[in-house]
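Residue numbers (the UniProt record's numbering), protein chains in the order written: chain X, 1 to 527; chain E, 1 to 527.
Take a look at the structure:
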């Protein structure tokens, strides 16, 4: 496919009038062609108008039709073939194996949501039958299903050019819910965005859906992004990125005449708790495993383990020695963008120059590219950590800070002081059970996912996954952006009272044509 | 029980230092004893500290224990006996039959949530079993349940002194979810609040729960209410009241270092659409039924039908004549508070003096009380309605506005222009099906509950009920404040990865000790 540098608005492709943005290969610094001209008010207006026009038709597509569309999106992305892999690698600096894996995840997400749509459990269909004989007053027939909230704006993320971008989890879950999607493409991978966008655009056409089901705009966040979030036809927003970016969108959404939900996945330092029994038995292995997780993908994951706590002593020293050895052999890796590279370098420099923080180890220096990130491990005492709020800040990349705690009680107290996180990890052995039982409730109040004896990077796409957490890890702790539960972000309940059969949606008809599990007077059954 | 005028903080009763607030009998103007001294920062601090301390224990109570507590709350409220009925009547001016019915609803809500807790479906338990042999990487065991968000602040509503106040739907659903509750009692019914509060306090004690599970404070909204919402230990807010009050709480919640959800049920004019076939066949009956709904409880319901649309012509004239006759015979009724009475009188006066609005009928004038509300029905043209935003404002009380539309297309267009509503009602006959099919999608985007051939007042407490809707009818369209779905407002998902069996919560253990319906790899089953 020849990349054109155009935006996709419904069934059309249009060139934006703003000065073009180019992808940059961060491995070489090379500027990639073509340029992508940014859109403005006219394109925002047209995309929103088309999305609003498509909404009533699209949200009432039957489960088979909607599932087929999601599967067509998956197949379309696969069918781009090697061109997609090559372009995504060039625009992100990520290695081929990683991008191939990410494509698998992206395609798998669409297919999983096709199954979710066929299952229909997300509709939470409920029927409270009429009780005409009830005293003192008869009861009406009341039925409930969830409906799509309306057109959704999705902001592509820089660190997952496939799985959290144009055709990523936010887009797949919003489309599955029955919401048209307008993607604000990320400027770091415009060519990848065009390829995936055109595949989704083609799937819309192939499935005979209204063109407004999908649009994709390029342009500045301040201009195009803000205008999309402020548009009255938009009813929800999905975003993955910085805390500053996420909170800016939250403000816009809250100040609309009609406020709307923003699902922003923002920042997390993903604490790892090394309990004494685990350290005694496995300090060396944990040190190695931890560094593997820390340096994976140049540390550019929302779930990167940026904070470690352990009780000081020989065992913690063994962990540090093992991590140091592993880290010092870790090759520098190309980071996603010049901006991310710069922010990482600054974050590491800030820690290095903090005189309450010791540098445990640095990875191998960068060679052969302009934007190489060098891993770094720091340590400090519990006292210093508690006294310095700056040490809670996320450094996006392969940097982590080990807190040497005098005892388990201090570890618990520091855990209580943490902000909301996507994940927390406990390394433990059976003899640590008592401490784990104290730690888990503290973590349940603060994080979306708790792991035992694993590492937080590598987020499974499944039905039980929670990739979310209390603020500021996300803007809305009641949700997840990965896994099938993500569909619930784009739904709201509607009740139908005493509807004639002809007017009821299929999900709520007596004969249950969709074979849904439904609650009748609160009792779950398949009738 | 002798009323003491005290606040309830955990297991204690304390007198507030602020100048006391007295209930007023709106039927007579009489001041009721005792006075209730308002609290301040110290009481807010103590209630929040106790709630936070109670949280981890309370949220992990087993289903039987928690259900027994909810049932003890119900029984405790019943056991107050006639004193509760008399005090609530005196403080609200509502007739005995209504208050008895409301007590039934209040008790029923607690019992329904006990069943919801036993059923456990609200936990949405999910298990994605490990796949150790998966290539290229093994899959971890990942499990998910919903946990309580944390301590919740509930603001009592003036118009339901039992069912939406201290022991009302917000309190019952938050307690069911596992959240400690701090009620900010409404100053219009302090004695009723004390009676119910003491019943819940006693149930906490009887069930051996931590005292911080329930507290109840009196005091000014600006002082006590705002401080509660701003407190970092509070994780969600339930509110029923004015749009000004609700949006003020939203602002406080959004500006916290950690923003939290506010579930504010605010304002709604609950449009009624009279389709031509229905008017032709039943204009007179609809007119009568409509006035019955409009004047019920002096119109002081969130679901009061404040807007009616029909196509002008003979049939609409018959409806208006029938409504006029019924309304002119409608007795004036005591309104809840002097403030509500004043606001109603002002709202009616504003409509009366609007020269684009005609007065169709007024109810009988008030006699025998200082705060009697006189019903009123107005009409205007579609053109005037579309041109005057003030006509969209809710007048809380028995006032409604009929819009004479030139045709069905205009009715549809006006429906598209409506703000978010709790309900919409369609009066229709089989010959109106085509029009109804056009109207329903428009309404689905704007309201939480759509009724056919009924009236919106009278909200059933059940599993399919939705008492919610897009902004500004509520602050969060994804939820309901009535019915069993209301529990979802106070929950968030947490995933557990590779947890040892001893550390898993019962809901997620292999042997399924709670006999929950769970999703295994997405498939629903009871194992």
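From the three backbone atoms N, C-alpha and C, an ideal C-beta is built for every residue, glycine too. This one's a predicted model, so the numbers in the text were calculated from it and none came from an experiment.
Beta bridge pairing from DSSP links residue 405(E) with 311(E).
When the alpha-carbon of residue 424(X) is set against those of 474(X), 501(X), 452(X), 490(X), the nearest one is in 452(X). Taken through DSSP and simplified to helix, strand or coil, residue 122(X) comes out as helix. Ranked by Cα distance from residue 346(X), the options 374(X), 294(X), 251(X), 483(X) are led by 374(X). For residue 442(X), the three-state secondary structure derived from DSSP is helix. Between residue 317(X) and the set 466(X), 343(X), 285(X), 302(X), the nearest pair of CA atoms involves 285(X). Closest in C-alpha terms to residue 487(E), from the list 463(E), 332(E), 209(E), 342(E), comes 463(E). In this structure, the beta-carbon distance from residue 258(X) to residue 188(X) does not fall below 8 Å. For residue 80(E), the three-state secondary structure derived from DSSP is coil. Measuring C-alpha to C-alpha distances from residue 387(X) to each of 65(X), 508(X), 355(X), 54(X) identifies 355(X) as the nearest. If you compare the alpha carbons of 390(X), 398(X), 335(X), 379(X) with that of residue 370(X), the shortest gap goes to 335(X).
For residue 471(X), the nearest CB of chain E lies under 8 Å from its own CB, placing it at the interface with that chain. Taking 8 Å as the cut-off, the beta carbon of residue 132(X) is found closer than this to the beta carbon of residue 138(X).
Per DSSP, residue 276(E) is one residue of the alpha helix (DSSP H) stretching across 276 to 295. Scanning chain E for C-beta atoms nearer than 8 Å to the C-beta of residue 497(X) yields 449, 450, 451, 452, 454, reported in chain order. With a cutoff of 8 Å on beta-carbon distance, residue 295(E) and residue 268(E) are scored as not near each other.
In this structure, the beta-carbon distance from residue 466(E) to residue 149(X) does not fall below 8 Å. When C-beta atoms of the stretch 156 to 173 of chain E are compared with those of the stretch 183 to 200 of chain E, three or more pairs fall below 8 Å, so the two segments count as touching. Within the stretch 170 to 237 of chain X, the complete beta strand (DSSP E) segments at least 3 residues long are 181 to 184, 214 to 217, listed from N- to C-terminus. When the five nearest sequence neighbours on each side are left out, the beta carbons in the same chain lying within less than 6 Å of the beta carbon of residue 293(X) are those of 305, 455, 457, in order along the chain.
Setting aside the 5 residues that flank it on each side, residue 366(E) is surrounded in the same chain by 332, 372, 374, each with a C-beta closer than 6 Å to its C-beta; the list follows chain order.
At the C-beta level, residue 420(E) and residue 470(E) come within 8 Å of one another. Annotation for residue 148(E): the continuous beta strand (DSSP E) segment containing it runs 142 to 148. Look at residue 260(E) here: in three-state DSSP terms it is coil, with no helix or strand label.
Contact annotation: residue 291(E) and residue 326(E) have beta-carbon atoms nearer than 8 Å. Residue 245(X) does not reach chain E, its nearest Cβ partner there being about 16 Å away, counting only Cβ pairs nearer than 9 Å. The beta-carbon of residue 79(X) is placed no less than 8 Å from the nearest beta-carbon of chain E. In this structure, residue 238(E) lies near residue 155(E), with their beta-carbon atoms less than 8 Å apart.
Contacts with chain E (Cβ-Cβ distance below 8 Å) from the stretch 318 to 339 of chain X involve no residue at all. Counting C-beta pairs with one atom in each stretch, the stretch 40 to 57 of chain X and the stretch 215 to 222 of chain X have three or more that are closer than 8 Å, which means they touch. For residue 264(X), the CB contacts under 7 Å within the same chain, skipping 5 residues up- and downstream, are 239, 246, 249, 250, 474, 475 in chain order. Judged by DSSP secondary structure, residue 427(X) falls outside any alpha helix (DSSP H) and instead within the beta strand (DSSP E) spanning 421 to 427. According to DSSP, residue pairing for residue 252(E) in a beta bridge does not occur. Taking a 10 Å sphere around the C-beta of residue 33(E), we find fewer than 16 other C-beta atoms and assign the residue as exposed. Against chain X, a Cβ distance below 8 Å from residue 249(E) picks out nothing, because the smallest value is about 13 Å. Close partners of residue 463(X) in chain E (Cβ separation under 7 Å): 126, 128, 519, 521, 522.
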